[in-house]
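Visitor: Please read through the structure below; I'll follow up with questions.
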Amino acid sequence: MGRLFLVEFDQTNPEVTFYCCRVCQAHIALSQDCVARMEAIKQGFFLNAVNLVHNELRQVESEIPMEDVHCVKCNKPLGWGYIQWMGPPVVPMFLLMLDGLLFWNGELSQNADQLLPPVENQEG
103 MGRLFLVEFD QTNPEVTFYC CRVCQAHIAL SQDCVARMEA IKQGFFLNAV NLVHNELRQV
163 ESEIPMEDVH CVKCNKPLGW GYIQWMGPPV VPMFLLMLDG LLFWNGELSQ NADQLLPPVE
223 NQEG
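The sequence shown begins at 103 in my numbering and counts up by one.
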């Protein structure tokens with residue numbers, strides 16, 4: 103069996119925040135790549151993700167092909183990847199289950215599904 107090569111983000115820089123697998127702490131996505139969080143269903147849309155294995159291509163009602171994605175290190179199911187197919191181009195995107203992720207805030211890890219919603223500017 104070959105050696106596993108993982109992408110790792112810079113944990114020594116407090117400005118780098120990211121999501122990682124809750125089971126094995128493999129780095130999954132930078133926080134800046136999270137474009138939407140749906141707290142009610144504990145899922146988030148990400149424009150980019152690393153250290154994922156893609157498999158089981160399937161069609162859904164929207165006719166956009168998607169693949170199940172798993173952590174490359176521990177094989178925990180983490181969500182789905184929407185992929186490009188014949189027809190109009192689709193922006194590659196990942197729908198990841200937040201209850202399978204931790205969030206590194208530059209100092210410590212916390213459960214991604216229990217993060218407080220972003221604070222909006224109350225001025226003006």
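No residue lacks a Cβ here, since even glycine has one placed at the ideal position from N, Cα and C. Nothing here was measured: the structure is a model prediction, and the numbers come from that model.
When you compare only the Cα positions, how much space is there between Phe148 and Cys176?
Guide: As a working note, residue 148 is residue 46 in the sequence shown. As a working note, residue 176 is residue 74 in the sequence shown. Using only the alpha carbons, I get a separation of about 20 Å.
Visitor: Taking all protein chains shown into account, do 16 or more other C-beta atoms lie within 10 angstroms of the C-beta of Phe120, making it buried, or fewer, making it exposed?
Guide: If you number the sequence shown from 1, residue 120 lands on position 18. So Phe120 counts as buried.
Visitor: Closest to Gln212 by CA distance: which of Phe107, Leu106, Val125, Asp112 is it?
Guide: Reading the sequence shown from its first residue, position 110 is the one you call residue 212. In this structure, Val125 is the residue among Phe107, Leu106, Val125, Asp112 with its C-alpha nearest to the C-alpha of Gln212.
Visitor: Thinking Asn153 and Leu108 are a contact (beta carbons under 8 Å), I'd like their distance in whole angstroms, please.
Guide: Position 51 of the sequence shown, counted from the first residue, corresponds to residue 153. Position 6 of the sequence shown, counted from the first residue, corresponds to residue 108. Going by Cβ atoms, the distance from Asn153 to Leu108 rounds to 5 Å, so yes, they are a contact pair.
Visitor: Looking at chain D, is there any beta carbon in it that lies within less than 8 Å of the beta carbon of His172?
Guide: You won't find chain D in this structure, because it holds only one protein chain.
Visitor: Look up Ala131 in the DSSP assignment and say whether it is helix, strand or coil.
Guide: To locate residue 131, count along the sequence shown from 1; it is residue 29. Here Ala131 sits in strand by DSSP.
Visitor: From which residue to which residue does the beta strand (DSSP E) around Gln113 run?
Guide: One-based indexing of the sequence shown puts residue 113 at position 11. Neither: Gln113 is in no beta strand (DSSP E) and is coded neither H nor E.
Visitor: Considering Cα atoms alone, identify which of Leu210, Gly183, Glu141, Val155 is closest to Leu200.
Guide: Position 98 of the sequence shown, counting from 1, holds the residue named residue 200. If we check each option's Cα against that of Leu200, Glu141 comes out closest.
Visitor: Go ahead and label Leu180 buried or exposed: buried means 16 or more other beta carbons lie within 10 angstroms of its beta carbon, across all protein chains shown.
Guide: The residue you call residue 180 lines up with position 78 of the sequence shown. Buried, by the Cβ-count rule.
Visitor: Can you check DSSP and say which residues form a bridge with Ala138?
Guide: As a first step, residue 138 is located in the sequence shown; it is residue number 36 there, counting from the start. Phe147.
Visitor: Gly183 by DSSP, collapsed to three states: which one?
Guide: The sequence position of residue 183 within the sequence shown is 81, counting from 1. Collapsing the DSSP output to three states places Gly183 in a strand.
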